[in-house]
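When the letters of the sequence shown are read in order and numbered with this note's numbering, they come out as residues 1 to 591.
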Amino acid sequence: MSEQTTGEQLTGAQSLIRSLEYAGVDTIFGIPGGAVLPAYDPLLDSKQIRHILVRHEQGAGHAAQGYAQATGRVGVCMATSGPGATNLVTPLADAHMDSVPIVAVTGQVSSAAIGTDAFQEADIRGITMPITKHSYLVTDPADIPRTVAEAFHIASTGRPGPVLVDVAKDALQAMTTFDYPTQVSLPGYRPVTRPHGKQIREAARLIAAAQRPVLYVGGGVIKANASAELTQLADLTGIPVVTTLMARGALPDSHPQHLGMPGMHGSVAAVAALQRADLLITLGARFDDRVTGRLDTFAPGALVIHADIDPAEISKNRHADVPIVGDCREIITELIAVIEAAGTSAGSEEQTGWSEWSRSLAERYPVGYDAPDDGSLAPQYVIERIAAAAGPEATYVAGVGQHQMWASQFVGYERPRSWINSGGLGTMGYAVPAAMGAQVGTPERVVWAIDGDGCFQMTNQELATCALENIPIKVAVINNSALGMVRQWQTLFYEGRYSHTDLHTSSASRRIPDFAKLAEAYGCAGLRCDKPDDVDSTIAEAMQINDRPVVVDFGVHRDAMVWPMVAAGMSNDAILVARDLAPVWDREEEQ
C-alpha cells in the first residue's frame with residue numbers, strides 16, 4: 001500500500017479526526033462518553049466536520065442512515081463504549097439489511113482492561129460481527145488512519161453496508177505519526193462490478209424470447225445510481241416494471257409501464273404480473289419474503305435472470321437461470337447495448353399484449369381507500385394531501401407499520417432517494433432521526449417524516465436535536481391511538497381481540513401524550529388536525545414554517561386498514577383488496 005505520509009506527530013484521537021476529514025466526512029451524529037472522550041477534544045477544533053449532538057445513540061445511527069440514503073454518501077455516527085455502543089446495534093442491523101453505507105466509530109475501554117468486564121465494557125466488535133460488513137478493534141494508534149480508510153472503502157463499495165471501528169481509549173491517548181493511505185488494498189475484498197459478457201448475452205436472449213417478462217427492480221438499482229439506465233431499458237423494451245419497497249422512485253411512478261410495488265401490500269397489477277410472468281428480470285432485488293409470499297408458489301412459471309452486486313444473494317431464495325454478478329448500472333448499460341445490437345428492442349406481439357393486459361389490470365384495481373362512514377379522517381387522505389402540497393422534489397421518510405405502507409402507496413415518487421424507510425429490519429422509531437439525517441444531508445429539500453403514534457414515541461426526543469441544530473424537518477403523526485398494523489392483524493386473524501395495542505394517544509377527553517404540546521415543549525411548532533376539511537390548511541401552515549421543526553398530530557380513523565394484502569405465509573395468488581371480498585383471482589374467474 002502506498003501512503004501519503006505527513007510525518008506529523010499526533011495523538012491517536014487527533015489522528016482519528018484527521019483521518020475522518022481525509023475520508024471526506026462533513027457530519028457526525030453522536031454522543032460523547034468516557035471511552036470516546038479523547039476523540040471529542042480534537043473534534044471541537046475541526047473546521048470541516050459538523051458534530052450533531054443527538055439525544056440517544058440509536059438516533060445517531062438512524063440519522064447516519066438517513067444522511068446516507070438521501071445523499072448516497074457514507075453516513076457517520078459516534079458513541080462511547082458499553083451501552084453507547086450497544087445502542088447502535090439496531091441501526092447497524094437496519095443498515096446491514098437495507099445495504100446502507102455507514103461507519104460507526106465507538107470508544108472502547110483501554111487495551112489492558114479489555115476482557116476484564118471493566119466499567120462500560122462490551123465486546124461491540126463481536127456483538128456486531130453478524131450485522132456489519134466488517135468490524136475493527138484498534139489498539140495501536142498507528143493503525144487508525146489505515147483502518148478508517150479501509151472502513152469507508154468497505155462501506156461504500158460493492159454491496160454497501162455498515163462498518164464498525166472500535167478504538168481503545170489508550171490508543172486514542174497515545175502519540176503516533178500520522179500516515180493516511182492514498183489507496184486501499186484489501187486482497188480478500190474485491191467486489192465484482194463488471195458483469196460477464198456471456199451472461200449478459202444469455203439474458204438478452206431470454207428477454208427476446210419471453211412472452212410475459214417483468215422487470216423486478218429492487219433497492220440495488222438506487223444504490224448503484226442506475227435509475228436513468230433503468231428508465232432507458234424500460235423504454236427500449238416496453239416491459240412492465242415493478243419496484244419494491246426499497247426501490248420506490250427508481251422508476252418514476254408516472255412512467256406508463258410502472259405497475260407499482262409488489263408484495264404483501266403491493267398493487268394487484270404488480271403482484272399479478274410477477275405471478276403470471278414467464279421471465280423475471282431481477283435487478284438489485286433479493287426475493288424477500290414480503291415480496292414473494294409463500295416462496296414455493298411465487299412466479300411458478302417464470303425463468304429468472306438475477307443481477308446483483310452481492311454473489312451471496314444469487315439463487316439464495318430462488319434459483320437463477322441466468323446469474324449476473326455486478327454493479328446494476330454497468331449490468332443495465334451492457335444489457336441495453338446487446339439488446340440494441342441484436343435489434344430485438346421492440347418486443348414481440350405477445351409481449352405487447354402482455355404489457356397491455358398488465359396496464360389494464362392496474363386500471364381495474366388501482367390502490368385506493370374508502371372514506372370513513374363516520375366522517376372522521378382517513379389516514380390515506382392525509383398522506384395524499386401532504387404529497388400534493390410537498391410534491392415529488394420533497395423527501396419522504398417513514399417509520400414502520402400501516403403509515404409506512406400508505407406512504408409508499410399514496411405518494412407519487414418521481415426520483416430516486418425521495419423515499420427513505422426501514423425495509424428489511426422493520427425498525428419502529430426510524431422516521432424522526434432518519435429524517436433529521438436526510439435534512440442535514442440535503443438541506444435544500446423539504447423533508448417530511450410520515451410517522452405513526454407508536455413509532456413516534458420511540459425516538460421523538462431527537463426533536464430537541466432538530467430544534468437546537470436548526471434542522472427543520474416536518475413530522476406528520478398518523479395518530480390512530482393504536483399499534484395500527486398489529487391491530488389490523490388482530491382484527492383479521494385474532495377475532496378482534498386487541499391485546500395490548502391501544503396507545504390512548506388520541507382520545508377526545510385526554511391525549512397521553514399530547515403530541516402538539518410535546519412538540520412545543522421541544523422547541524418545535526405543534527399543530528393538530530382531526531377533520532378532513534382542515535387537512536389542506538393545516539398542511540399549508542406546516543409548509544410555511546421553515547425556521548424550526550413542525551409536528552402535526554393527525555387524529556385519524558383507528559380502524560383503517562392497509563389494502564391490498566397477502567396474509568403472511570400465503571401465496572400471492574390469495575391477494576385481497578378488501579376484508580369482505582374474495583381473493584382477486586377467484587372473482588376474476590367468476591367473471
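Using N, Cα and C, we set each Cβ at its ideal position, and we do this for glycine too.
>> In the DSSP assignment, the alpha helix (DSSP H) including cysteine 529 goes from what residue to what residue?
In response: Where cysteine 529 is concerned, there is no enclosing alpha helix (DSSP H), although the beta strand (DSSP E) it sits in stretches over 525-529.
>> I need the straight-line Cα distance from glutamine 14 to proline 42, nearest angstrom please.
In response: 6 Å
> Quick one: Cα of glutamate 202 to Cα of aspartate 123, how far?
Replying inline: 47 Å
>> Please state whether the Cβ-Cβ distance between glutamine 488 and serine 499 is less than 8 Å.
In response: no
> Should tyrosine 365 be labelled buried (16 or more other beta-carbon atoms within 10 Å of its own) or exposed?
Replying inline: buried
>> To the nearest angstrom, how far is the alpha carbon of alanine 39 from that of threonine 157?
In response: 27 Å
> When you compare only the Cα positions, how much space is there between alanine 79 and valine 551?
Replying inline: 28 Å
> With distances taken between CB atoms, is the gap from glutamine 48 to glycine 437 smaller than 8 Å?
Replying inline: no
>> Using a Cβ-Cβ cutoff of less than 7 Å, which residues in the same chain neighbour alanine 387 once the five nearest sequence positions on both sides are dropped?
In response: Phe410, Val411, Gly412
>> With a threshold of 6 Å on Cβ separation, who are the neighbours of glutamate 3 within its own chain once the five nearest residues in sequence on each side are excluded?
In response: Confidence at glutamate 3 is low in this model, with a pLDDT of 44, below 50, so the placement of that residue should be treated as unreliable; the coordinate-derived value is given next. Cβ neighbours of glutamate 3 beyond the five flanking positions: Asp179, Pro181.
> Rounded to a whole number of angstroms, what is the C-alpha to C-alpha distance between proline 583 and leucine 37?
Replying inline: 59 Å
> Given 8 Å as the limit, is there contact between the region 132-146 and the region 73-87, that is, 3 or more CB pairs closer than that?
Replying inline: no
> Tell me which same chain residues have a C-beta within less than 8 Å of the C-beta of alanine 142, skipping the five on either side of it?
Replying inline: Thr176, Thr177, Asp179
>> According to DSSP, glutamine 9 sits in a beta bridge with which residue or residues?
In response: Thr177
>> Going residue by residue through the region 157-243, where are the continuous beta strand (DSSP E) segments of at least 3 residues, counting only ones entirely within it?
In response: 162-168, 175-181, 213-217, 241-243
>> Could you tell me the alpha carbon to alpha carbon distance between glycine 301 and cysteine 529, rounded to whole angstroms?
In response: 49 Å
> Tell me the DSSP bridge mates of tryptophan 448?
Replying inline: Tyr396, Lys474
>> Check whether the region 422-432 and the region 372-385 are in contact - that is, three or more C-beta pairs closer than 8 Å.
In response: no
> Which value, in whole angstroms, describes the spacing of the CA atoms of glutamate 393 and glutamate 444?
Replying inline: 10 Å
> Under 8 Å between the Cβ atoms of asparagine 225 and arginine 329?
Replying inline: yes
>> What does the Cβ neighbour count give for glutamine 380, buried or exposed, with the cut at 16 atoms within 10 Å?
In response: buried
> With a CB to CB cut of under 6 Å and the five nearest residues on each side skipped, what residues in its chain are close to leucine 425?
Replying inline: Ala93, Asp94, Met97
> How would you write the range of the alpha helix (DSSP H) that isoleucine 339 sits in, first residue to last?
Replying inline: 328-342
> Got a sec? Which residues, its chain only, sit under 6 Å from glutamate 350 by beta carbon, not counting five neighbours each side?
Replying inline: Gln211
> For the putative contact between methionine 261 and threonine 243, defined by C-beta atoms under 8 Å, what is the C-beta separation to the nearest angstrom?
Replying inline: 6 Å
>> Quick test of the definition: if touching needs 3 or more C-beta pairs under 8 Å, does the region 303-312 touch the region 235-250?
In response: no
>> In whole angstroms, give me the CA-to-CA distance for valine 221 and alanine 247.
In response: 7 Å
> Cα separation between threonine 538 and arginine 50?
Replying inline: 33 Å
>> On the DSSP letters alone, give me the boundaries of the alpha helix (DSSP H) that alanine 362 sits inside.
In response: 349-364
> DSSP three-state call for methionine 565: helix, strand or coil?
Replying inline: strand
> Going by other Cβ atoms of all chains shown within 10 Å of its Cβ, with 16 needed for buried, is isoleucine 512 buried or exposed?
Replying inline: exposed
>> Taking the beta carbon of serine 254 as the centre, do at least 16 other beta carbons fall within 10 Å, making it buried, or is it exposed?
In response: exposed
>> For glycine 59 and valine 400, what's the separation of their Cα atoms in angstroms?
In response: 15 Å
> Near glycine 555, which residues of its chain fall below 6 Å by C-beta distance, leaving aside the five closest residues on each side in sequence?
Replying inline: Asn479, Ser506, Asp530
>> Among the candidates Gly218, Gly523, Lys223, whose CA atom is the shortest distance from the CA of threonine 193?
In response: Lys223
> Can you tell me the Cα-Cα spacing of glycine 594 and isoleucine 17, whole angstroms?
Replying inline: What the structure shows of the chain is the stretch from 1 to 591, and residue 594 is not part of that stretch, so it cannot be assessed.
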